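Accompanying notes for the structure given below.
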Amino acid sequence: MEHEAQAGPGTRQARRRRSPRSVVAPPVVVAAAGVLTVLLAACVAGTGSETCVSWASFPDDAARTEQADLVVDATVVEQAGTRSMFGAEANVWSVDVGSVAKGDAEPGERLEVVSTPPTCSSTTYPEGDPLDADGEVRLYLKDAESFQLPGSGDGWALITPLDGVGTVP
823 MEHEAQAGPG TRQARRRRSP RSVVAPPVVV AAAGVLTVLL AACVAGTGSE TCVSWASFPD
883 DAARTEQADL VVDATVVEQA GTRSMFGAEA NVWSVDVGSV AKGDAEPGER LEVVSTPPTC
943 SSTTYPEGDP LDADGEVRLY LKDAESFQLP GSGDGWALIT PLDGVGTVP
């Protein structure tokens, strides 16, 4: 659409009217922004050596079970070593499976489980290692590779530092 405007005495100049632009982002852009926001939750700390993870919290046993690949009632036997996870030295524990609530494991099987560290704190486990436990506990585990974050490693790990260990029902 054209609109005429005066440029000087007796001179007329054609000027184009701009069409209004939409301020609504296409769904693909919104989805990409959401993924980017999730990825930015895993920010690299000042030195670049530790990945800071903002952990989800699960309100109940059903939510923890849904999130986990493997849920077992197990007895923690001993610390089996350490390994790097998210740039921190995480404890690895040997556990004996008593019963299986979800996933592929057998009662009597011994598993090695990484105690997922909270990250970005002055110590690896500021509130104590959740796998440093006596008696039988319920473990909510994921394959560490499924975290899909740099430095997560592989093998069984607690779903989060906060919700990976519970009481046996």
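Every number in my numbering is 822 more than the matching position in the sequence shown, counting from 1.
Positions of the beta carbon are idealized from the N, C-alpha and C atoms, including for glycine.
Computed from a predicted model, the values in this text were never measured in an experiment.
(request) State the start and end residues of the unbroken beta strand (DSSP E) segment that holds Q901. (result) Q901 -> beta strand (DSSP E) spans L892 to M907.
(message) Do L892 and V917 have their beta-carbon atoms positioned less than 7 Å apart in this structure?
(response) It is not a contact, given that the beta carbons lie outside the stated cut-off.
(request) Could you check if V894 is buried or exposed, using at least 16 other CB atoms within 10 Å of its CB as the buried criterion? (result) Per the 10 Å Cβ criterion, buried.
(message) Can you check which of these residues, A910, E888 and T982, is closest to L953 by C-alpha distance?
(response) Closest by alpha carbon: T982.
(request) From the DSSP output, in three-state form, read off E958 for me. (result) The DSSP-derived three-state label of E958 is strand.
(request) Could you work out which residue in F880, G988, S879 and E911 is closest to T945 when comparing CA atoms only? (result) When only C-alpha atoms are compared, the closest one is E911.
(request) Within its chain, find whatever has a CB closer than 6 Å to the CB of D951; leave out the 5 residues flanking it on each side and keep chain order. (result) Same-chain partners within the cutoff: N913 and S937.
(request) Within its chain, find whatever has a CB closer than 8 Å to the CB of T904; leave out the 5 residues flanking it on each side and keep chain order. (result) Closer than 8 Å at the Cβ level, and outside the excluded window around T904, lie E911, A912, N913 and V914.
(request) Tell me whether A878 is buried or exposed, calling it buried when 16 or more other Cβ atoms sit within 10 Å of its Cβ. (result) That one is exposed.
(request) Specify the secondary structure class of A927 as computed by DSSP and reduced to three states. (result) In this structure, A927 counts as coil in the three-state DSSP scheme.
(message) Tell me the DSSP secondary structure of S968 in three-state form.
(response) Residue state for S968 is assigned as helix, using DSSP reduced to three classes.
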